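Peer 1:
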Amino acid sequence: MDALVVIGLILAIINPVIGGVLVGYLVWLNKPDIGFQLIVLSFTVMSLLVIGFIVWAGKKIQKLERKLNSLENKTQG
182 MDALVVIGLI LAIINPVIGG VLVGYLVWLN KPDIGFQLIV LSFTVMSLLV IGFIVWAGKK
242 IQKLERKLNS LENKTQG
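So in my numbering the end of the sequence shown lands on 258, straight run, no missing numbers.
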């Protein structure tokens with residue numbers, strides 16, 4: 182494995198945009214199979230991050246909604 186491939190694998194997990202798109206493209210120029218795998222790995226990590234953010238935001242919204250309902254009940258009761 183080239184050093185650029187190892188850097189791409191590490192960056193694909195830490196920062197999918199740099200690791201997958203930029204380094205993956207640079208690797209793809211010399212080794213198309215490995216570069217494509219880096220790009221796909223980065224898109225997978227990015228989609229998992231987006232799904233995780235959606236779940237986190239949904240839980241925060243539910244928590245705020247519960248607090249708002251309890252505050253509303255305190256003011257009415």
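The beta carbon of each residue, even a glycine, is placed where N, CA and C say it ideally should be. All figures in this text were calculated on a predicted structure; none of them were measured in a lab.
1) Within 10 Å of its beta-carbon, does Gly239 have 16 or more other beta-carbons around it, so buried, or fewer, so exposed?
2) With distances taken from CA atoms, which of Leu230, Leu245 and Lys212 is nearest Leu185?
3) In the stretch 188-236, which residue ranges form an unbroken alpha helix (DSSP H) of at least 4 residues, counting only runs that do not cross its ends?
4) By how many angstroms is the C-alpha of Val204 removed from the C-alpha of Pro262?
5) Do the stretch 188-196 and the stretch 217-231 make contact, defined as three or more Cβ pairs closer than 8 Å?
Peer 2: Taking the geometry as given:
1) exposed
2) Lys212
3) 205-211
4) Because the chain is modelled from 182 through 258, residue 262 falls outside the range shown and cannot be assessed.
5) yes
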